[in-house]
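Undergrad: Shown below is the structure under consideration.
Number of protein chains: 2
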Amino acid sequence: MIRFYNGKTLIFENNGIVISDDEVHVSGGRIEYVGPARAGVRYEREIDLNGDLLIPGFKNAHTHSPMTFLRSLADDLPLERWLRESCWPNEARLDDDAVYDITKLSILEYLSSGTTAIFDMYNHSEAFSRACADSGFRAVICSALNDFDKDPADIERDYLKLNGYRDLISYRLGIHAEYTTGLDRLKYMVSLAEKYHEPCWTHLCETKSEVEGCISRYGMTPPLFLDSIGFFEYGGGGYHCVWMSDEDIALFADKGLFAVSCPSSNLKLSSGIAPVAKMDAAGVRIAIGTDSAASNNALDMFREMYLVSALQKYIENEPTACPAGDVLKMACVNSALAMGLDDCIGIIAGMKADLAVIDMSRPNMRPLNNLPVNLVYSGSKENVRMTMVNGRILYEDGRFFIGEEAENIYEKVERFIHDKVRKE
Amino acid sequence: MIRFYNGKTLIFENNGIVISDDEVHVSGGRIEYVGPARAGVRYEREIDLNGDLLIPGFKNAHTHSPMTFLRSLADDLPLERWLRESCWPNEARLDDDAVYDITKLSILEYLSSGTTAIFDMYNHSEAFSRACADSGFRAVICSALNDFDKDPADIERDYLKLNGYRDLISYRLGIHAEYTTGLDRLKYMVSLAEKYHEPCWTHLCETKSEVEGCISRYGMTPPLFLDSIGFFEYGGGGYHCVWMSDEDIALFADKGLFAVSCPSSNLKLSSGIAPVAKMDAAGVRIAIGTDSAASNNALDMFREMYLVSALQKYIENEPTACPAGDVLKMACVNSALAMGLDDCIGIIAGMKADLAVIDMSRPNMRPLNNLPVNLVYSGSKENVRMTMVNGRILYEDGRFFIGEEAENIYEKVERFIHDKVRKE
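Chains A and B supply the protein sequences, listed in that same order. Numbers given in the numbering used here equal positions in the first sequence, counted from 1, plus 1478. Numbers given in the numbering used here equal positions in the second sequence, counted from 1, plus 1478.
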């Protein structure tokens, strides 16, 4: 049993956020108790929060961890050149070993920003799963079916094999995007969703040209077209959701689908700003992700939370849009629900112990006028004192405990880049 | 003499940024030497950079340090309510002691983000100057003349008294804004600028309504109107510069004025996005600032740098807009020039030793594909290993050395808030 005491605990309630003085006791990967100090309990470790804030970890609901090797490799380029000259040829050189190491590098960064689970879309799923499970990190894989995959049946094999892998990995069904996936394969994905009663995911309405292309192909926007072939019959949602029409938004609200917003990446690639406030008002559930380090270029949920709010205040011309508490809930709760992690949604007895400790002694957290607002509007990675996943401390006081030294991981990734990657 | 060795040094050259292996030696507040290791020199301290990156410190070219007590006090409100119910009544309760303590709190945060100098607009200038100088921190005050000041002559007195105060403070002339300063006082400011041959500064074109108000009062935009009365005769510029017309931009380029962009604050208050790329292309010199923690809510130049670039890529619909290297130069060099700190503009022998050490061993800095790009697009406060101002180390490995313990400063600010500040 691990005891967190002498601090504050952030609790999501129906009508908002409560900052309590409760202690939190963790055992066997789960939160066992939330409340006042208990007598007669033996702890293997007692962690004096010393006024710091215990929060449910952030869940990063859209990322591509194996792409982190592309960070800062080719920025500030036109989109087509960036994809054709840097991303695609270099990604083609990735093998399982490289994916394993680069995923671990990404996990270090997730942990340093208080992130306890990711929704990751890439291939090399087995190497990815090993990297996460070896690190003790929680991940939900989303398949990325598209026309360049060799064999669509790999997805069903991975789905059956990796769901539940070492208690930390789960597997959701998805396509890369409508514009990269022909009708036959789309229908195959729908048949898988039907077979397993699974939600379905995709990059969706990320760019204006993507929407125009779908309309020219099928006479419908991507959400409406995908819905028309049964893609969303068991739920799911879209990554990005920047160019959503009113009808698309109504569909998402009606079907209980999730829109995962990735504001940094959408700005940096000149894609646009998702209508988060509008979707939220219509009843769409909003989750938050970073997208990959190739486009973002950080994997930092603090930056995304700030941007979700600040950008909505800008496009709505309304400083009350997307208040801090709502955004915090998107990052901690909605993102988990989007990923199917229904037992990772808060500091409640019985939930998985996926937690972060926020250092309130740093100047950006002072004064202590409003802790959740500080977290969203002035919080940063420097405030993450500890990150715990599944009851295990994987990051504490700047050091990582994922079974392999950070320097070792860095060295392997740098060597891969040196040997295999083409720079400009 | 302090020696930085075994790392990388970031040098701004005319055609871009060079990452060199040079050592940097500091003595008497200045950079004494940049080059290969020297024999026969005695050092009082030798700092092994261990591969880390030495950079010129960021200069925060627009802030209001004494407002940090308002952080997270009243966010997500309509602008008028925020100002009338929270900011103004609470600011009226500030006295010299409170300004001294709150300024020190802000300095802690500047240091933790690698910022070595600030361009600060507020009153209580003497208490502010003491707080900075006692901390060893560099500040440039900008006067904030407006119709609510008791006696405009205070500004000339402060100008003469605080310029050069303890070698760390300088004082520039400025008004709060056209819309808060009547014609008589504007003319008084112009007369001061003429008397001392000083550049003049102001909040400028921050909101659309500000521009409309000026046009209705004077038949001209704020930049053109102020120029028409001689305000910019000796240079200077504007803070924010969101709603700049083509004529305004041409004026700024023609007169060599600076536009200080504050992207976070402009988003969060629904003010807009400054046309930075357009101004830059027209030849306007762009500097970067955070604005106050009341609106931003952080004092973090990493966030501002990222946003300057990412927002321009968005509004220009062009991923090549405002590349990382240009933005880094805005934050390190142009901001210093805007403030009149011509001897704080880079790692060159003879310049002031205002430096920061960037920790390259954190995961967000890996791989090492491109150091300046990492700094701007994935950098964060967690990467600031050390901040040096005027040759003195004021921040190192998470600890502050400003002559007073951080906890002591926090306690005084929290007590002021408890005793004097009205929360919602």
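Each residue gets a CB set at the ideal place from its N, CA and C atoms; glycine is no exception. All values derive from a computational prediction rather than experimental measurement.
Quick one: Cα of leucine 1555 of chain A to Cα of proline 1797 of chain B, how far?
TA: Near 6 Å, if we compare the C-alpha coordinates of proline 1797 of chain B and leucine 1555 of chain A.
Undergrad: When the distance is taken between beta carbons, is valine 1854 of chain B closer than 7 Å to leucine 1806 of chain B?
TA: The answer is yes: Cβ separation under 7 Å.
Undergrad: Would a check of beta-carbon distances place glutamate 1569 of chain B closer than 7 Å to chain A?
TA: Judged by the 7 Å Cβ criterion, glutamate 1569 of chain B is not in contact with chain A.
Undergrad: In chain B, which residues lie with their C-beta within 7 Å of the C-beta of valine 1851 of chain A?
TA: Result: Ser1550 and Asp1553.
Undergrad: Do the CB positions of threonine 1487 of chain A and phenylalanine 1536 of chain A come within less than 7 Å of each other?
TA: No, they are not a contact pair.
Undergrad: On the criterion of 16 or more Cβ atoms from any shown chain inside 10 Å, does isoleucine 1826 of chain A qualify as buried, or is it exposed?
TA: The residue is exposed, with fewer than 16 neighbouring Cβ atoms inside 10 Å.
Undergrad: May I ask you to list the residues that DSSP assigns as paired with threonine 1685 of chain A?
TA: DSSP lists no partner for threonine 1685 of chain A.
Undergrad: Are leucine 1729 of chain B and proline 1700 of chain B touching if we call contact CB-CB under 7 Å?
TA: No, the pair does not count as a contact, with Cβ atoms beyond the cut-off.
Undergrad: Can we say the stretch 1841-1855 of chain A touches the stretch 1502-1512 of chain A, given the rule of at least three CB pairs closer than 8 Å?
TA: No, they do not touch.
Undergrad: For the beta strand (DSSP E) containing methionine 1757 of chain A, name the first residue and the last one.
TA: Here methionine 1757 of chain A belongs to no beta strand (DSSP E); instead the alpha helix (DSSP H) covers 1754-1759.
Undergrad: In terms of residue numbering, what span does the alpha helix (DSSP H) encompassing serine 1813 of chain A cover?
TA: It spans 1813-1816 - the alpha helix (DSSP H) in which serine 1813 of chain A sits, taken as one unbroken run.
Undergrad: Confirm, please, whether the CB-CB distance from leucine 1589 of chain A to threonine 1768 of chain A is below 7 Å.
TA: Contact flag unset, no.
Undergrad: If I follow the unbroken alpha helix (DSSP H) through arginine 1663 of chain B, where does it start and stop?
TA: 1661-1674 is the extent of the alpha helix (DSSP H) around arginine 1663 of chain B.
Undergrad: For the stretch 1495-1528 of chain B, which segments carrying the beta strand (DSSP E) assignment without a break, of at least 3 residues, lie completely within its bounds, in sequence order?
TA: With a minimum length of 3 residues, the continuous beta strand (DSSP E) runs that stay inside the stretch 1495-1528 of chain B are 1501-1505, 1508-1513 and 1523-1526.
Undergrad: Should the stretch 1564-1584 of chain A be called in touch with the stretch 1860-1878 of chain B, which here means at least 3 C-beta pairs below 8 Å?
TA: Cβ pair count under 8 Å is below three, so no.
Undergrad: With burial defined as no fewer than 16 other Cβ atoms inside 10 Å of the residue's Cβ, what is the status of tyrosine 1784 of chain B: buried or exposed?
TA: Classification of tyrosine 1784 of chain B: buried, given that the 10 Å Cβ count is 16 or more.
Undergrad: What residue range is occupied by the uninterrupted beta strand (DSSP E) comprising lysine 1930 of chain B?
TA: The first residue shown for chain B is 1479 and the last is 1902, placing residue 1930 of chain B beyond what the model contains.
Undergrad: Quick one: is proline 1677 of chain A near chain B, going by C-beta distance under 7 Å?
TA: Not one chain B Cβ lies under 7 Å of proline 1677 of chain A.
Undergrad: So the beta strand (DSSP E) isoleucine 1871 of chain B belongs to, where does it begin and stop?
TA: Here the beta strand (DSSP E) through isoleucine 1871 of chain B covers 1870-1874.
Undergrad: Near lysine 1746 of chain B, what residues of its chain come up, given a Cβ to Cβ distance below 7 Å and the 5 sequence neighbours on each side ignored?
TA: Around lysine 1746 of chain B: Ser1773 and Asn1774.
Undergrad: Could you please give the first and the last residue of the uninterrupted alpha helix (DSSP H) stretch that includes glycine 1803 of chain B?
TA: That run of the alpha helix (DSSP H) goes 1802-1807.
Undergrad: If you run the structure through DSSP and keep just helix, strand and coil, what is asparagine 1538 of chain B?
TA: Asparagine 1538 of chain B: strand per DSSP, three-state reduction.
Undergrad: Along chain B, in chain order, which residues have C-beta atoms closer than 9 Å to that of valine 1891 of chain A?
TA: Per Cβ cutoff of 9 Å: Arg1844 and Pro1845.
Undergrad: Roughly how many angstroms separate the alpha carbons of glycine 1691 of chain B and glutamate 1656 of chain B, rounded to a whole number?
TA: Between glycine 1691 of chain B and glutamate 1656 of chain B, the C-alpha separation is close to 9 Å.
Undergrad: Based on the DSSP secondary-structure assignment, which residues constitute the bridge partners of aspartate 1629 of chain A?
TA: Looking at the DSSP assignment, aspartate 1629 of chain A forms no beta bridge with any residue, so it has no partner.
Undergrad: On the three-state DSSP scale, how would you describe threonine 1798 of chain B?
TA: Three-state result, threonine 1798 of chain B: coil.
Undergrad: Output yes if chain B places a C-beta closer than 7 Å to the C-beta of tyrosine 1511 of chain A; else output no.
TA: No, tyrosine 1511 of chain A lies away from the interface with chain B (no Cβ there is under 7 Å from its Cβ).
Undergrad: Flag this pair as yes or no: are the beta carbons of aspartate 1575 of chain A and glycine 1881 of chain A separated by less than 7 Å?
TA: Going by C-beta atoms, aspartate 1575 of chain A is not nearer than 7 Å to glycine 1881 of chain A.
Undergrad: Per DSSP, serine 1648 of chain A forms a beta bridge with which residues?
TA: Looking at the DSSP assignment, serine 1648 of chain A forms a beta bridge with A/Val1618.
Undergrad: Less than 7 Å between CB atoms is the rule here; does lysine 1898 of chain A satisfy it with respect to chain B?
TA: Chain B, which has no Cβ nearer than 7 Å to the Cβ of lysine 1898 of chain A, makes this no.
Undergrad: Quick check on threonine 1798 of chain A - is its C-beta less than 7 Å from some C-beta in chain B?
TA: Yes, threonine 1798 of chain A lies at the interface with chain B (some Cβ there is under 7 Å from its Cβ).
Undergrad: Phenylalanine 1547 of chain B versus chain A: which residues are under 7 Å apart at the beta carbon?
TA: What phenylalanine 1547 of chain B touches in chain A: Pro1845.
Undergrad: Of all Cβ atoms in chain A, is any one closer than 7 Å to the Cβ of asparagine 1528 of chain B?
TA: Asparagine 1528 of chain B does not count as touching chain A.
Undergrad: Quick test of your reading: methionine 1817 of chain B and phenylalanine 1597 of chain B, contact by CB under 8 Å. State the CB separation rounded to the nearest angstrom.
TA: Confirmed, about 5 Å.
Undergrad: Pair every Cβ in the stretch 1752-1761 of chain B with every Cβ in the stretch 1788-1795 of chain B, then say whether three or more of these pairs are closer than 8 Å.
TA: Verdict: yes, contact present.
Undergrad: With three or more C-beta pairs closer than 8 Å as the rule, is the stretch 1656-1666 of chain A touching the stretch 1711-1730 of chain A?
TA: Judged by Cβ distances under 8 Å, the stretch 1711-1730 of chain A makes no contact with the stretch 1656-1666 of chain A, as fewer than three pairs qualify.
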